[in-house]
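*Asks:* The structure's right below; bear with me while I get my questions together.
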Amino acid sequence: QKEVEQNSGPLSVPEGAIASLNCTYSDRGSQSFFWYRQYSGKSPELIMSIYSNGDKEDGRFTAQLNKASQYVSLLIRDSQPSDSATYLCAGRLTGGGNKLTFGTGTQLKVEL
Amino acid sequence: NAGVTQTPKFQVLKTGQSMTLQCAQDMNHNSMYWYRQDPGMGLRLIYYSASEGTTDKGEVPNGYNVSRLNKREFSLRLESAAPSQTSVYFCASSEVDTGSEAFFGQGTRLTVV
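Chains as they are written, first to last, in the numbering used here: chain A, 2 to 113; chain B, 53 to 165.
Given below as structure tokens:
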């Protein structure tokens, strides 16, 4: 079992819809989680971080963390074609010396 | 504002050749990382350095060595390149506390023929 797991997709949503991306993790004691966006041929860039149970909103993006169920999600409202990218979930896992561990990424396609 | 700088950006090696990928950061971060990215595999950690003078193996360390030369620089060496090491390599840095995000270099696309 991978420490951080994501569905690889592709996830296709129409323009203007809500895109929902999910991630689960195995280390119950993990403290912090990050969502990165990666365009094809580019390096990952941070879009959201979350440390506490509940929701965190930033513009069209909302990150959700549920430590009891060990999942993290990212909602993208009013999806735009420019949101088409691979979204990587990452966690700082307490069992891994605080190193940053990534999931395999979910490819999102926003269709006109 | 350079951030994390990797060299080279592209490289083609023949099987058995050696090379060193260079990484430098100017953000005064303590932790540095080397990842490889293959299609459908996400970012897999090769080695990381929590602080100057320390290095630890990640998920896929075989065939690689690293050197944390100083606080700024963290190099990755392939002693005898194999086709299985064809990949995109990313260097990253962060502060050591749990809430810190990682900042990435622009990547090195390596092909081993």
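No residue lacks a Cβ here, since even glycine has one placed at the ideal position from N, Cα and C.
If you're wondering where the values come from, they're calculated on a predicted model, not measured in any experiment.
Any idea which residues DSSP pairs residue 112 of chain A with across the strands?
*Replies:* Per DSSP, A:15.
*Asks:* Can you give the Cα-Cα distance for residue 54 of chain A and residue 80 of chain B, rounded to whole angstroms?
*Replies:* One C-alpha to the other measures close to 30 angstroms.
*Asks:* So, for residue 153 of chain B: in the same chain, excluding its five sequence neighbours on each side, which residues have a beta-carbon less than 8 angstroms away from its beta-carbon?
*Replies:* Hits under 8 angstroms: 146.
*Asks:* What residue range does the beta strand (DSSP E) around residue 3 of chain A cover?
*Replies:* Per DSSP, residue 3 of chain A belongs to no beta strand (DSSP E) and is neither H nor E.
*Asks:* Can you check DSSP and say which residues form a bridge with residue 22 of chain A?
*Replies:* According to DSSP, residue 22 of chain A bridges with A:75.
*Asks:* I need the straight-line Cα distance from residue 91 of chain A to residue 34 of chain A, nearest angstrom please.
*Replies:* Taking the straight line from one Cα to the other gives about 6 angstroms.
*Asks:* In its own chain, which residues sit with a C-beta less than 7 angstroms from the C-beta of residue 32 of chain A, not counting the 5 before and 5 after it?
*Replies:* 52, 93 and 95.
*Asks:* Can you pull the chain A residues whose beta carbon is under 7 angstroms from the beta carbon of residue 154 of chain B, in chain order?
*Replies:* By Cβ distance, chain A contributes 101.
*Asks:* When DSSP builds the beta bridges, which residues end up paired with residue 78 of chain B?
*Replies:* The partner list for residue 78 of chain B (beta bridge, DSSP) is empty, contrary to what the question assumes.
*Asks:* Give a yes or no on contact between the segment 84–99 of chain B and the segment 119–132 of chain B, applying the rule of three or more CB pairs nearer than 8 angstroms.
*Replies:* As far as the Cβ criterion goes, the segment 84–99 of chain B touches the segment 119–132 of chain B, which means the pair count is three or higher.
*Asks:* Report the residue ranges of all beta strand (DSSP E) runs contained in full by the segment 28–105 of chain A; include only those spanning at least 3 residues, in chain order.
*Replies:* Fully enclosed beta strand (DSSP E) runs of 3 or longer: 33–39, 46–51, 55–59, 62–67, 72–77, 86–93 and 101–103.
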